[in-house]
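Counting from 5, one number per residue, gives the positions in the sequence shown under the working numbering. Every residue gets a Cβ at the ideal spot worked out from N, C-alpha and C, and that includes glycine. Data block below; observations after.
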Amino acid sequence: MGVGAYGFVMSSNYNARPRAAEIMVDGDMAYEIRQRESIQALYEGEKILP
């Protein structure tokens, strides 16, 4: 099974959209390996100019 370029390394925050969760599937088991990015985390590095 392939998923193409849908992993975290190919994701972006275009239009201020948080990154999706990342799921690894192994046979009939699924594991969340990265949680969905929160809006707060998305804006943590932003600064408002005086």
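query                                                                                              : result
According to DSSP, residues forming a beta bridge with isoleucine 27                               : Glu36
Among Ile43, Ile52, Leu53 and Val29, the one whose alpha carbon lies nearest that of asparagine 19 : Ile43
Nearest-angstrom Cβ-Cβ length linking glutamate 41 and isoleucine 27, presumed shorter than 8 Å    : About 14 Å separates the two Cβ atoms, so there is no contact after all.
C-alpha gap between serine 16 and arginine 23, whole angstroms                                     : 7 Å
Cα-Cα separation, methionine 33 to proline 54                                                      : 51 Å
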